[in-house]
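Below is one structure, written out as structure tokens, with a few remarks after it.
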Amino acid sequence: IAGITQAPTSQILAAGRRMTLRCTQDMRHNAMYWYRQDLGLGLRLIHYSNTAGTTGKGEVPDGYSVSRANTDDFPLTLASAVPSQTSVYFCASSDEVDQPQHFGDGTRLSIL
Amino acid sequence: QKEVEQDPGPLSVPEGAIVSLNCTYSNSAFQYFMWYRQYSRKGPELLMYTYSSGNKEDGRFTAQVDKSSKYISLFIRDSQPSDSATYLCASRNTGGFKTIFGAGTRLFVKA
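Protein sequences, first through last, are from chains D and C.
Heads up, the first sequence stops at 112 in this note's numbering, and the numbers go up one at a time, no gaps.
Heads up, the second sequence stops at 111 in this note's numbering, and the numbers go up one at a time, no gaps.
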């Protein structure tokens with residue numbers, strides 16, 4: 001089934017550790033995005049990529065980095081996790097940046 | 001003020017009821033409007049995608065946009081228990097990549 005695969009589905013992590021959340025899409029979409037979803041705040045954009053080889057900062061980029069080496073993969077890295085990064089992280093993609101986005105099922109991350 | 005505001009609910013209705021979900025937005029440049037449905041422990045799923053003002057119907061769902069009052073609505077006819085989910089509205093401007101999401105309204109449809 002075509003779509004977006006995120007891994008892991010959930011993770012408990014000690015503060016200060018490095019963590020990479022994986023995202024792979026098989027729809028050959030050009031644009032990809034990372035959001036975090038927190039109760040009462042909704043979805044907030046962390047980083048995005050218009051096309052392979054380019055990335056940009058969203059609304060809440062601090063403490064996160066991304067790379068886009070190819071069309072299909074868009075990993076999100078927390079270099080040194082802090083408790084405030086406890087959240088549900090969603091990867092999304094769209095055919096082009098001005099098209100509606102399609103989401104994966106998220107990674108639930110707890111930082112202790 | 002958030003650019004897209006949504007009442008968090010929860011909204012509880014009996015099966016078969018007509019449901020009205022609403023959002024307001026502040027950016028007059030927004031031209032594209034979306035509704036997503038999110039089941040528990042799942043990602044948002046695109047339900048409706050509309051451009052500018054007017055109505056769009058898809059089965060039991062109708063999306064309505066009133067740009068003069070910056071008001072977005074989603075109507076669900078003959079609601080079913082399977083419609084129980086969180087509904088997110090979203091908006092963006094023409095050519096823009098940044099989609100602004102509301103925080104979501106939790107809907108419960110009781111059998």
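For glycine and all other residues, C-beta sits at the position ideal for the given N, C-alpha and C.
Treat the numbers as computed from the prediction; the structure is a model and nothing was measured.
Distance from Gln6 of chain D to Arg22 of chain D at the Cβ level is roughly 7 Å; contact confirmed, criterion being Cβ atoms closer than 8 Å. Relative to Tyr87 of chain C, the option among C:Gly54, C:Asp58, C:Phe75 whose CA is nearest is C:Phe75.
When the five nearest sequence neighbours on each side are left out, the beta carbons in the same chain lying within less than 7 Å of the beta carbon of Ala15 of chain D are those of Ala81, Val82, Pro83, Ile111, Leu112, in order along the chain.
One finds Phe97 in chain C with Cβ atoms closer than 9 Å to the Cβ of Asn50 of chain D, taken in chain order. Using a Cβ-Cβ cut-off of 7 Å, Gly102 of chain C counts as an interface residue toward chain D, since at least one Cβ of chain D sits closer than that to its own. Looking at C:Ser26, C:Tyr32, C:Pro8, the one whose alpha-carbon comes closest to that of Ser91 of chain C is C:Tyr32. In its chain, beyond the 5 residues on either side, His47, Thr55, Leu76 have a beta carbon closer than 6 Å to the beta carbon of Val66 of chain D. Residues of the segment 75 to 104 of chain D that bring their beta carbon within less than 7 Å of a beta carbon in chain C comprise Phe90, Val97, Asp98, Pro100, Gln101, His102, Phe103, Gly104, in sequence order. When C-beta distances to chain D are compared with 9 Å, the residues of the segment 43 to 56 of chain C below that value are Gly43, Pro44, Glu45, Leu46, Tyr49, in chain order.
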